[in-house]
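Peer 1: According to the numbering used here, the sequence shown is numbered sequentially starting from 1.
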Amino acid sequence: MRHPVLFSIPLAALLYGCATNPVLSPQVQNYWQARPVHELERQLGTASQIDPQGSGKKYIWTQEYTRRVTIAPGHKVAGFKMVNGRNVATTINGPAIKNLQTVSCQITATTNARNEIVEIGSHLNGLSCHSLAAKLYPPPAR
């Protein structure tokens, strides 16, 4: 009989991006609060998407990658859409399953009618946003 921890190690490694949620600290929130969104665009580049949001807008910066994933035989996999588009829980028997997986993350900024930032957030889908989030920290005080 195999040890349950050994089963979970590859799955934990696969899901690592989901678990590394960059917390946008109160320091970051306070720094960007009421600043013009063009200052944030200067830090992160042009937004991937801009949507109307009430009297303001929601700016979205997205990172997305497609990666090749191999799941070895003998591992129990749950919660992945892997078989004919159905969400299944199964033990992999036979050859390893090779699949493409798209992972993404987003940093969002909601503005008011004057284009001032009222909220900054993040949405993760298997990928951490550390490279984007690091650009949000205020410069050190002089």
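Each residue gets a CB set at the ideal place from its N, CA and C atoms; glycine is no exception.
Residues in its own chain within less than 6 Å of GLY121 by CB, not counting five upstream and five downstream?
Peer 2: These residues qualify, in order along the chain: THR108.
Peer 1: So the alpha helix (DSSP H) LEU132 belongs to, where does it begin and stop?
Peer 2: From DSSP, the alpha helix (DSSP H) with LEU132 extends over 130–133.
Peer 1: With 16 other CB atoms within 10 Å as the buried threshold, where does GLN27 fall?
Peer 2: GLN27 should be labelled exposed.
Peer 1: Could one say the Cβ of GLN43 lies closer than 9 Å to chain D's Cβ atoms, at least one of them?
Peer 2: The structure shown contains no chain D; it is built from a single protein chain.
Peer 1: In angstroms with no decimal places, state the Cα-to-Cα distance between SER128 and LEU136.
Peer 2: SER128 and LEU136: Cα-Cα distance of roughly 14 Å.
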